[in-house]
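Top line first, the protein sequences correspond to chains A and F.
So in this note's numbering, spot 8 of the first sequence is number 8, and the numbers just go up one at a time.
So in this note's numbering, spot 192 of the second sequence is number 192, and the numbers just go up one at a time.
Each residue gets a CB set at the ideal place from its N, CA and C atoms; glycine is no exception.
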Amino acid sequence: MAKLLKYEFRKSRGALLALLVSTVLGEVMLLGGILFLPQDAFLLRGEPNLSNGTVFLLTVGTGILVLAGTFGVMLCSLLPMWTLRRELNSSQSCMLFLIPERSYAVLGAKVLEDVVVLAVSVLIFGLLSVADFLLLAWRGGGLVQFSEILLPQNLDMEKVGDVCSTLGMSALVWLTILMVCFFAIVMQASLLRGKRGSFWISLLIVLFLAIMILRAGSLLPEGNTAIKVLAHAGIVVLLYLLSGWIMEKHLSI
Amino acid sequence: MTLCTKEAEKGYGRKKALQGVTFDIEPGNIYALLGPNGSGKTTWMKMAAGLLHPSAGGVLWENHPVCWKDRAEIAFLPTEDYLYGWMSVNEVGKYYQDFFADFSMDRYQALLRQMELDGNQKVRTLSTGMRAKCKVAVTMARAAKVYLLDEPFNGIDLLARDSILQVILASSDPENAIVISSHLVEEIESAVNRAIFFRNGLMAADLDIEELRTREGKSLADKYRELMQ
Numbered sequence: 001m002a003k004l005l006k007y008e009f010r011k012s013r014g015a016l017l018a019l020l021v022s023t024v025l026g027e028v029m030l031l032g033g034i035l036f037l038p039q040d041a042f043l044l045r046g047e048p049n050l051s052n053g054t055v056f057l058l059t060v061g062t063g064i065l066v067l068a069g070t071f072g073v074m075l076c077s078l079l080p081m082w083t084l085r086r087e088l089n090s091s092q093s094c095m096l097f098l099i100p101e102r103s104y105a106v107l108g109a110k111v112l113e114d115v116v117v118l119a120v121s122v123l124i125f126g127l128l129s130v131a132d133f134l135l136l137a138w139r140g141g142g143l144v145q146f147s148e149i150l151l152p153q154n155l156d157m158e159k160v161g162d163v164c165s166t167l168g169m170s171a172l173v174w175l176t177i178l179m180v181c182f183f184a185i186v187m188q189a190s191l192l193r194g195k196r197g198s199f200w201i202s203l204l205i206v207l208f209l210a211i212m213i214l215r216a217g218s219l220l221p222e223g224n225t226a227i228k229v230l231a232h233a234g235i236v237v238l239l240y241l242l243s244g245w246i247m248e249k250h251l252s253i
Numbered sequence: 001m002t003l004c005t006k007e008a009e010k011g012y013g014r015k016k017a018l019q020g021v022t023f024d025i026e027p028g029n030i031y032a033l034l035g036p037n038g039s040g041k042t043t044w045m046k047m048a049a050g051l052l053h054p055s056a057g058g059v060l061w062e063n064h065p066v067c068w069k070d071r072a073e074i075a076f077l078p079t080e081d082y083l084y085g086w087m088s089v090n091e092v093g094k095y096y097q098d099f100f101a102d103f104s105m106d107r108y109q110a111l112l113r114q115m116e117l118d119g120n121q122k123v124r125t126l127s128t129g130m131r132a133k134c135k136v137a138v139t140m141a142r143a144a145k146v147y148l149l150d151e152p153f154n155g156i157d158l159l160a161r162d163s164i165l166q167v168i169l170a171s172s173d174p175e176n177a178i179v180i181s182s183h184l185v186e187e188i189e190s191a192v193n194r195a196i197f198f199r200n201g202l203m204a205a206d207l208d209i210e211e212l213r214t215r216e217g218k219s220l221a222d223k224y225r226e227l228m229q
């Protein structure tokens with residue numbers, strides 16, 4: 001599995017590199033903007049006197065980071081799925097399936113790549129946003145005032161927990177949707193192969209399952225995050241096993 | 001070890017690509033798999049490589065239906081352009097080394113030198129002939145029990161063909177079997193000792209070439225014409 005995962009990352013290298021470069025570019029611009037920010041700019045009365053260059057760096061840097069952290073990560077997590085679709089419908093499927101590995105491992109490497117991309121992205125962008133926020137607060141408003149906000153007695157832990165659980169759940173829901181897409185691609189390449197309208201049927205499968213999963217999610221009791229996490233993890237595992245089984249038993253290259 | 005095909009069938013809708021084919025591939029032999037386009041050669045090879053599920057019957061290896069594990073012992077060279085274009089020729093070898101315990105990087109490098117291939121060149125920049133050589137080199141650098149070579153001479157010139165044939169012949173030993181599917185009947189006649197003929201998804205004949213020459217006084221090409229007309 002580790003070797004398969006290595007090659008999956010190699011296939012996505014270009015896109016991941018583009019995401020990394022965009023993130024670094026956005027971060028450098030934002031840091032430049034923060035450095036050029038007048039000391040205590042946010043503590044002064046009235047509008048802070050910022051130069052056009054500083055405003056440009058802060059705005060564009062933040063914009064790039066927000067886009068990279070949302071659409072960039074989403075696009076990169078779509079890549080393994082796109083690669084699987086291309087490989088199953090081209091001669092390159094031989095390269096993937098002539099090796100002595102189970103279909104579960106081949107699919108597992110692609111799903112795992114998604115899990116790693118999502119987990120690392122949440123971690124990196126989470127840490128970057130905290131670091132940038134702290135730097136911005138230190139430069140523009142004073143670290144002492146900012147750190148007071150973070151003191152346990154001033155901090156609304158419930159809200160912090162809500163933010164963390166929302167982020168985690170969003171990543172899990174996205175992973176569930178990706179797994180539905182993997183399932184539909186496997187269906188299209190195996191059970192629906194050669195049938196007229198197989199693409200549209202698989203698209204309908206994606207939409208139907210995604211709607212059902214989201215509806216079922218809304219029926220779960222509010223506030224019980226553990227049940228939601230378990231439900232989504234269960235769906236991901238179930239769809240993975242089902243897709244792997246279909247590949248093993250019905251996929252012909 | 002024998003690769004046994006027993007009543008193998010494969011259908012695509014109403015079309016039957018293979019119909020009840022039965023024969024054995026035994027070690028120590030080089031087989032020619034002959035037949036016109038659409039006769040079922042590639043379908044059988046993919047079935048024997050565990051890439052295609054039979055509709056009925058099947059291919060057995062060590063008395064069990066061929067499955068993913070057997071790809072460790074059965075080497076398959078697809079006719080398609082299957083190598084990743086983003087890999088270099090050396091990386092193709094590394095890929096095989098990562099997944100096949102019987103792959104020898106030293107042998108691969110020797111074969112690359114023999115076929116005058118640059119290991120640093122990207123696959124997408126290789127010509128058709130160079131790609132064919134690369135595919136053959138990486139497949140024959142394995143010490144497999146069975147080699148299934150699907151149209152290894154497709155679209156390549158005479159000299160490249162000679163070079164590939166030399167490499168294939170050098171890999172033959174009493175412990176392995178080599179199956180070559182090809183349209184170039186006359187060119188592979190001197191290299192093979194058995195021939196299996198496919199026609200319209202059916203096996204038309206399984207012959208020993210020496211016997212064919214001595215008993216019937218016919219060449220492989222003569223027999224091909226006789227069976228396919």
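Margin query: With H, G and I counted as helix, E and B as strand and the rest as coil, what does DSSP make of K15(F)?
Written below: strand
Margin query: Run through chain F and tell me which residues come within less than 7 Å of F9(A), C-beta to C-beta.
Written below: Result: empty, since nearest Cβ-Cβ is about 13 Å, beyond 7 Å.
Next item on the list: Confirm, please, whether the CB-CB distance from S91(A) to F183(A) is below 9 Å.
Entry: no
Next item on the list: Measure how close the beta-carbons of H250(A) and L191(A) come, nearest whole angstrom, since I'm counting them as under 8 Å.
Entry: 6 Å
Notebook entry, point to check: If the cut is a Cβ gap below 9 Å, which residues of chain A does H64(F) touch?
Noted result: Going along chain A, no residue has its Cβ under 9 Å from H64(F), so there is no contact; the nearest lies around 14 Å.
Checklist line | Cβ of L46(F) within 9 Å of any chain A Cβ | finding: Contrary to the premise, residue 46(F) reads as Lys rather than Leu in this sequence. Yes, contact with chain A.
Item checked: Straight-line gap, I124(A) to W200(A) (C-alpha atoms, nearest Å) -> 37 Å
Next item on the list: Would you kindly report the start and end of the unbroken alpha helix (DSSP H) that includes A72(F)?
Entry: Taken as a continuous stretch (DSSP letters only), A72(F) belongs to no alpha helix (DSSP H), as it is neither H nor E.
Next item on the list: Kindly indicate which residue of L50(A), S77(A), S129(A) has the alpha-carbon position closest to the one of F9(A).
Entry: S77(A)
Check: How would you label E101(A), buried or exposed, when you count the other beta carbons within 10 angstroms and need 16 or more for buried?
Finding: buried
Margin query: Cβ closer than 9 Å: which chain A residues qualify as neighbours of E189(F)?
Written below: Under the 9 Å cutoff, chain A gives no residues; its nearest Cβ is about 28 Å from E189(F).
Margin query: My output table needs one value for S165(A): the three-state DSSP class, helix, strand or coil.
Written below: helix
Check: Sorted by chain position, which residues of the same chain lie with C-beta nearer than 7 Å to V229(A)'s C-beta, five sequence neighbours on each side aside?
Finding: L172
Item checked: Cβ-based neighbour list, S202(A), same chain, cut-off 8 Å, excluding 5 preceding and 5 following -> A184, I185, M187, Q188, L192
Checklist line | Nearest-angstrom beta carbon gap, A75(F) and R142(F) [assumed within contact, 8 Å] | finding: 5 Å
Next item on the list: For chain F, find out if any of its Cβ atoms is closer than 9 Å to the Cβ of I213(A); answer yes or no.
Entry: no
Next item on the list: With DSSP collapsed to three states, give me the class of H232(A).
Entry: helix
Check: Which chain A residues are close to H53(F), counting only those with a beta carbon under 9 Å from its beta carbon?
Finding: K249, H250, L251, S252
Item checked: Limits of the unbroken beta strand (DSSP E) element including F197(F) -> 194 to 199
Notebook entry, point to check: Which ranges does the alpha helix (DSSP H) cover as unbroken runs of at least 4 residues, wholly within the segment 84 to 125 of chain F, from first to last along the chain?
Noted result: 89 to 99, 105 to 114
Next item on the list: Spatial neighbours of S55(F) within its chain, please: CB distance less than 6 Å, with the 5 preceding and 5 following residues excluded, ordered by chain position.
Entry: E9, K10, G11
Notebook entry, point to check: At a Cβ threshold of 9 Å, is Q188(A) touching chain F?
Noted result: no
Next item on the list: Starting from the beta carbon of A72(F), find every residue of chain A whose beta carbon is closer than 8 Å, and list them in chain order.
Entry: P100
Next item on the list: Decide if G40(F) is buried, meaning its Cβ has at least 16 other Cβ atoms within 10 Å, or exposed.
Entry: buried
Check: Relative to the C-alpha of N29(F), which residue among K223(F), I180(F), L111(F) is closest?
Finding: I180(F)
Checklist line | For P65(F): DSSP bridge partner residues | finding: L60(F)
Checklist line | T166(A) versus N224(A), D132(A), A15(A), residue with shortest Cα-Cα distance | finding: N224(A)
Item checked: Distance between C134(F) and E27(A) (C-alpha atoms, nearest Å) -> 44 Å
Margin query: Here's the rule: buried if 16 or more other CB atoms are within 10 angstroms of the residue's CB, otherwise exposed. What is H244(F)?
Written below: Residue coverage of chain F in this structure runs from 1 to 229, which leaves residue 244(F) outside it and unanswerable.
Next item on the list: Name the two residues that bound the continuous beta strand (DSSP E) containing Y7(A).
Entry: Here Y7(A) belongs to no beta strand (DSSP E); instead the alpha helix (DSSP H) covers 2 to 11.
Checklist line | Closer than 9 Å to chain A by CB, W61(F) | finding: no
Item checked: Partners in chain F for M95(A), counting only beta-carbon separations shorter than 7 Å -> Y82, L83, Y84
Margin query: Going residue by residue through the segment 56 to 125 of chain A, where are the continuous beta strand (DSSP E) segments of at least 3 residues, counting only ones entirely within it?
Written below: none
Check: What first and last residue would you give for the beta strand (DSSP E) that runs through L148(F)?
Finding: 146 to 150
Check: Which bits of chain A does A49(F) rub up against, with CB to CB less than 7 Å?
Finding: L98
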